[in-house]
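Peer 1: Quick one: the structure is below, and I'll ask about it shortly.
2 protein chains.
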Amino acid sequence: MELAGLSVREDAVGNIFGRWDGLEPELAAVATGSHIDAIPYSGKYDGVVGVLGAIEAIRVLKRSGFKPRRPLEVISFTSEEPTRFGIGCLGSRLLAGSEDLANSLKTSTDIQNISFLDAAGSAGYSKNEDDLSSVFLKKGTYSAFVELHIEQGPILEDEGISIGIVTAIAAPASLTVEFEGNGGHAGAALMPNRNDAGLAASELALAVERHVLDSGSIDTVGTVGILELHPGAINSIPSKSHLEIDTRDIDEERRNKVVEKIHQSAIKITKTRGVKLSDFRVINQDPPAISDEAVIKAVETATKELNLTSKLMISRAYHDSLFMARLSPMGMIFIPCYKGYSHKPEEFATIEDMSNGVKVLALTLAKLSSQ
Amino acid sequence: MELAGLSVREDAVGNIFGRWDGLEPELAAVATGSHIDAIPYSGKYDGVVGVLGAIEAIRVLKRSGFKPRRPLEVISFTSEEPTRFGIGCLGSRLLAGSEDLANSLKTSTDIQNISFLDAAGSAGYSKNEDDLSSVFLKKGTYSAFVELHIEQGPILEDEGISIGIVTAIAAPASLTVEFEGNGGHAGAALMPNRNDAGLAASELALAVERHVLDSGSIDTVGTVGILELHPGAINSIPSKSHLEIDTRDIDEERRNKVVEKIHQSAIKITKTRGVKLSDFRVINQDPPAISDEAVIKAVETATKELNLTSKLMISRAYHDSLFMARLSPMGMIFIPCYKGYSHKPEEFATIEDMSNGVKVLALTLAKLSSQ
């Protein structure tokens, strides 16, 4: 299959690769890309700019008559958002060789009890069901990986800077927690006789915030994005609660300390409220990634040659680049977005900023593919 | 239509009435009944015992050769639980002549945006859509109303008593609350820049508990049975939260003070967290109901004649009787239930206890219908 002048292949989980063979096609390729999936009620720039932008960057290079020495590859990663199967960067995590994920996906199901393998099968993927490790890429497959992305924070817009050059990606940890109590009728059960799983969840949510603020660093963040009560009726004391917690830092140890404190708080709540901690699981707890010096240099030089302002910065959101860094030297190019908004419909980037990002990406790919 | 020897009619919202004409059918009837709907993941005794038990009580009286002076009516009330349209005792509230409810139901919708009128229409009811006040009953329609119900609390079982005779029903208030914030990406938005609608909800849930405990009376209860976050993704800061709060007391003024304190806490949270209180509504705030002396007397006498132990008690749960008390003298008969469990699958009453309840109800109906 060919698309935008690239030869296209898909792997067994839906990662899509478009390849432009270089003058020396046997060399390791330079890769770029991002994702096109989104969370519910999201915007349309997160990820998408880095896939369409990558295709456009290749078209720019082709139009200019450029001939790459190394092959260039555009990757559209599958399931970057954790929405359906609870794990972020599913596609790039597998490419980077996560045996744990390849195993756990054999039995993963979504909220409607559809298995990952059935979902992938229905979408036409996963012909090789029994062994998702077929998706793994070898180290050395790529000589470099660069991802173009909106900042998802307010810094570039606030400071009027066109390009952010990412030096490190903050390390995310995701937790899933469940409390259980006896439930009961909201009128008949007196307060001293209750063990309300919903109030246990509220208490833990506020404890997450407290532990994050106590870390002493502005770089520590923590969020309870999911808090669900069962049975969820106004006149019923919650007998179960389910929380999903996300906490991140550029300092792995400091973040792990927050995770440990959240665990201690959950245990303490079981004692004070008489509820059961029926689940406390660390779904993922990834190390941060450091960008490669040579890739940073290539982006910096491209930015200067294009007369654009730039700034070295940390990515507080994580990206497929976090996992591609396990396979190859990695770098990221950020562009400003409106008020730093992301993961909501107001997410926006101007055509000028996207155009600047594509130009920097194209020139960076040209440089890296010549090395 | 006839069922179990009763002539049956339905009204425009699905209340079902089964009538046994007495020797003097022009007299006001004695009524009994309850509901057969349930909350999600509920038990099968709450309400149902009072409908099937009422039918059985009538059969007992018929088998015994008894001829009532006044007519006897069994009522199966529609939508006692507030699950679908957010308002408890929808059927009996309308029978009791709630103009507010008759008006608001014209525009009420469920969570899937299906209107009350469409839902009633699909179920074959509400031929008289434009005027639900057609359902209202006149004061004096019934000379007395008695409801048989499981206690939904542990007292009768704990004390080994067969029959609870209800002297008053605690007064429920229901609130719906919504907070709104800016949402955003769980990694990119730093903690000081957040206004997390989910944490606002958790804080209010804990404030509800605090205000209830501060009332100084064991009779005050409060519950957050519904707490929902939007968009509900692990990597997204909640931009909206929705709570439904239930608080009850046998003292109306004390309960209204709790409602006022919850409102003050919600306003305070908007200031400390920078969120918007986009909704704060008292859905219902009903006065308590006092049982009628003559009905209490009839139940007490019936219990004694049957050699059963009994106890005068308060109903902390509310029931259709709360609204039937607006139409006619009212009383309730409680039977023990396992560990006081209700609104969950473990809800249970023994055949012996249900049988005792039915006998007491039958004898009470016999007495009241002869007066």
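If you read the protein sequences in the order shown, they are chains Y and E.
Residue 311 in UniProt numbering sits at position 311 of the first sequence, and the numbers go up by one each step.
Residue 312 in UniProt numbering sits at position 312 of the second sequence, and the numbers go up by one each step.
Don't be surprised by glycine CBs; every beta carbon is placed ideally from N, CA and C.
(1) Counting only the same chain and skipping the five closest in sequence on each side, list residues whose C-beta sits under 7 Å from that of Asn182 of chain Y.
(2) Would you decide whether Gln371 of chain Y is buried or exposed? Buried here means 16 or more other CB atoms lie within 10 Å of its CB.
(3) Put Lys268 of chain Y into one of helix, strand or coil per three-state DSSP.
(4) For Asn193 of chain E, which three-state DSSP category applies?
(5) Any idea which residues DSSP pairs Ser76 of chain E with across the strands?
(6) Taking the straight line between their C-alpha atoms, what separation do you get for Ala298 of chain E and Phe145 of chain E?
(7) List, from N- to C-terminal side, the alpha helix (DSSP H) runs of 4 residues or more that fit wholly inside the segment 128 to 187 of chain Y.
(8) Determine the DSSP secondary structure at Ile58 of chain Y, reduced to helix, strand or coil.
(9) Look at the alpha carbon of Glu352 of chain E and the alpha carbon of Ala38 of chain E, and state the distance between them as a whole number of angstroms.
(10) Classify Glu99 of chain Y: buried if its beta carbon has 16 or more other beta carbons within 10 angstroms, exposed otherwise.
(11) Short of 8 Å Cβ to Cβ, which residues in the segment 176 to 210 of chain E face chain Y?
(12) With C-beta atoms as the reference, is Val94 of chain E less than 8 Å away from Leu327 of chain E?
(13) Could you have a look at Phe66 of chain Y and say whether DSSP puts it in helix, strand or coil?
(14) Going by DSSP in three states, Val212 of chain E sits in which element: helix, strand or coil?
(15) Between E:Pro329, E:Ala188, E:Pro345, which has its C-alpha nearest Lys139 of chain E's C-alpha?
(16) My guess is that Thr78 of chain E and Gly14 of chain E are in contact by the Cβ rule of under 8 Å, so how many angstroms apart are they, rounded?
(17) When DSSP builds the beta bridges, which residues end up paired with Arg245 of chain E?
(18) By the three-class DSSP mapping on this structure, what secondary structure does Ile39 of chain E have?
(19) Would you mind telling me which residues of chain E sit closer than 9 Å to Gln112 of chain Y, beta carbon to beta carbon, in chain order?
(20) List the residues of chain Y whose Cβ lies closer than 9 Å to the Cβ of His263 of chain E, in chain order.
(21) Check each candidate in Y:Gly357, Y:Ser34, Y:Gly216, Y:Ser7 and name the one with the smallest Cα separation from Ile165 of chain Y.
(22) When you compare only the Cα positions, how much space is there between Thr303 of chain E and Thr176 of chain E?
(23) Below 8 Å, can you find three or more Cβ-Cβ pairs linking the segment 223 to 239 of chain E to the segment 147 to 167 of chain E?
(24) Cutting at 7 Å between CB atoms, please list the residues of its own chain near Asp279 of chain E, excluding the five before and the five after it.
(25) Run through the segment 85 to 114 of chain Y for me and flag every whole alpha helix (DSSP H) of 4 or more residues, listed as ranges in chain order.
(26) Near Leu23 of chain E, which residues of its chain fall below 8 Å by C-beta distance, leaving aside the five closest residues on each side in sequence?
(27) Just the chain Y side, please: which residues come within less than 7 Å of Val212 of chain E by C-beta, in chain order?
(28) Is there contact here, the segment 48 to 56 of chain E with the segment 304 to 317 of chain E, by at least three beta-carbon pairs under 8 Å?
(29) Cα separation between Val25 of chain E and Tyr142 of chain E?
(30) Got a sec: is the Cβ-Cβ distance from Glu244 of chain E to anything in chain Y below 8 Å?
(31) Where Leu206 of chain E and Pro192 of chain Y are concerned, what is the direct C-alpha to C-alpha distance, given to the nearest angstrom?
(32) Compare the C-beta of Tyr341 of chain E against all C-beta atoms of chain Y and say whether one is closer than 8 Å.
(33) Quick one: is Gly33 of chain Y buried, meaning 16 or more other Cβ sit within 10 Å of its Cβ, or exposed?
(34) Given Ile283 of chain Y, which residues of its chain have a CB within under 7 Å of its CB, disregarding the five upstream and five downstream residues?
(35) Taking the C-alpha atoms as reference points, what is the distance between Val74 of chain Y and Val295 of chain Y?
(36) Confirm, please, whether the CB-CB distance from Leu308 of chain E to Ile169 of chain E is below 8 Å.
Peer 2: In brief:
(1) The residue given as residue 182 of chain Y occupies position 182 in the first sequence. Excluding residues within five positions, the ones whose Cβ falls inside 7 Å are Asn195, Ser239.
(2) Here residue 371 of chain Y refers to the residue found at position 371 when the first sequence is read from its first residue. Exposed is the call here.
(3) For the purposes of this step, residue 268 of chain Y is identified with residue 268 of the first sequence, where counting begins at 1. Three-state result, Lys268 of chain Y: helix.
(4) Walking along the second sequence from the start, residue 193 of chain E turns up at place 193. It is helical.
(5) Your numbering for residue 76 of chain E matches position 76 in the second sequence. For Ser76 of chain E, which the question treats as bridged, DSSP gives the partners E:Ile16, E:Ser34.
(6) Walking along the second sequence from the start, residue 298 of chain E turns up at place 298. Walking along the second sequence from the start, residue 145 of chain E turns up at place 145. Taking the straight line joining both Cα atoms gives about 12 Å.
(7) 155 to 159
(8) Taking the first residue of the first sequence as position 1, residue 58 of chain Y is located at position 58. Here Ile58 of chain Y sits in helix by DSSP.
(9) Against the second sequence, residue 352 of chain E aligns to sequence position 352. Against the second sequence, residue 38 of chain E aligns to sequence position 38. The straight-line gap from Cα to Cα measures roughly 23 Å.
(10) To locate residue 99 of chain Y, count along the first sequence from 1; it is residue 99. Glu99 of chain Y should be labelled exposed.
(11) Asn182, Gly183, Gly184, His185, Ala186, Gly187, Ala188, Ala189, Leu190, Met191, Pro192, Asn193, Asp196, Gly198, Leu199, Ala201, Ser202, Glu203, Ala205, Leu206, Glu209
(12) Within the second sequence, residue 94 of chain E is the residue found at index 94, counting from 1. Within the second sequence, residue 327 of chain E is the residue found at index 327, counting from 1. One detail in the question is off: residue 94 of chain E reads as Leu in this sequence, not Val. Annotated as distal: Leu94 of chain E and Leu327 of chain E, with beta-carbon spacing of 8 Å or more.
(13) On the first sequence, position 66 is the one that residue 66 of chain Y refers to. Reduced to three states, the DSSP call for Phe66 of chain Y is coil.
(14) Counting from 1 along the second sequence, the entry for residue 212 of chain E is found at position 212. Looking at Val212 of chain E - three-state DSSP - the assignment turns out to be helix.
(15) One-based indexing of the second sequence puts residue 139 of chain E at position 139. Checked all of E:Pro329, E:Ala188, E:Pro345; the closest Cα to Lys139 of chain E is E:Pro329.
(16) Position 78 of the second sequence holds residue 78 of chain E. Position 14 of the second sequence holds residue 14 of chain E. Sure, about 4 Å apart at Cβ, within 8 Å.
(17) Locating residue 245 of chain E in the second sequence gives position 245, counting from the first residue. First, the residue type needs correcting, since residue 245 of chain E is Ile and not Arg in the sequence shown. In DSSP, Ile245 of chain E forms a bridge with E:Leu175, E:Val224.
(18) Within the second sequence, the letter at position 39 stands for residue 39 of chain E. When DSSP states are grouped into helix, strand and coil, Ile39 of chain E belongs to the coil group.
(19) The sequence position of residue 112 of chain Y within the first sequence is 112, counting from 1. What Gln112 of chain Y touches in chain E: nothing, since even the nearest Cβ is about 15 Å away.
(20) Indexing the second sequence from 1 puts residue 263 of chain E at position 263. The contacting residues do not exist; His263 of chain E stays about 17 Å from chain Y at best.
(21) Taking the first residue of the first sequence as 1, we reach residue 165 of chain Y at position 165. Of the listed residues, the one whose Cα sits closest to Ile165 of chain Y is Y:Gly357.
(22) Translated into the one-based positions of the second sequence, residue 303 of chain E becomes position 303. Translated into the one-based positions of the second sequence, residue 176 of chain E becomes position 176. Taking the straight line from one Cα to the other gives about 41 Å.
(23) no
(24) Here the question's residue 279 of chain E lines up with position 279 in the second sequence. The residues are Thr176, Val177, Glu178.
(25) 90 to 95, 99 to 104
(26) Residue mapping note: residue 23 of chain E aligns to position 23 of the second sequence, counting from 1. Excluding sequence neighbours, Leu23 of chain E sits near Lys67, Pro68, Arg69.
(27) Position 212 of the second sequence, counted from the first residue, corresponds to residue 212 of chain E. Ordered by position in chain Y, the residues that pass the 7 Å Cβ test against Val212 of chain E are Met191.
(28) no
(29) For the purposes of this step, residue 25 of chain E is taken as residue 25 along the second sequence, with counting starting at 1. For the purposes of this step, residue 142 of chain E is taken as residue 142 along the second sequence, with counting starting at 1. Correcting the residue identity first, residue 25 of chain E is Pro in this sequence and not Val. Approximately 12 Å, taken between the alpha carbons.
(30) Here residue 244 of chain E corresponds to residue number 244 of the second sequence, with the count starting at 1. For Glu244 of chain E, the answer is yes, since a Cβ of chain Y falls inside 8 Å of its Cβ.
(31) The count along the second sequence starts at 1 and reaches residue 206 of chain E at position 206. The count along the first sequence starts at 1 and reaches residue 192 of chain Y at position 192. Cα-Cα distance, rounded: 15 Å.
(32) Counting from 1 along the second sequence, the entry for residue 341 of chain E is found at position 341. Closer than 8 Å: yes.
(33) Reading the first sequence from its first residue, position 33 is the one you call residue 33 of chain Y. The residue is buried, with at least 16 neighbouring Cβ atoms inside 10 Å.
(34) Locating residue 283 of chain Y in the first sequence gives position 283, where the first residue counts as 1. The answer, listed in chain order, is Gly86, Ile87, Ser174, Leu175, Thr176.
(35) Locating residue 74 of chain Y in the first sequence gives position 74, where the first residue counts as 1. Locating residue 295 of chain Y in the first sequence gives position 295, where the first residue counts as 1. Distance between Val74 of chain Y and Val295 of chain Y, taken at the CA atoms: about 17 Å.
(36) One-based indexing of the second sequence puts residue 169 of chain E at position 169. One-based indexing of the second sequence puts residue 308 of chain E at position 308. With a cutoff of 8 Å on beta-carbon distance, Ile169 of chain E and Leu308 of chain E are scored as not near each other.
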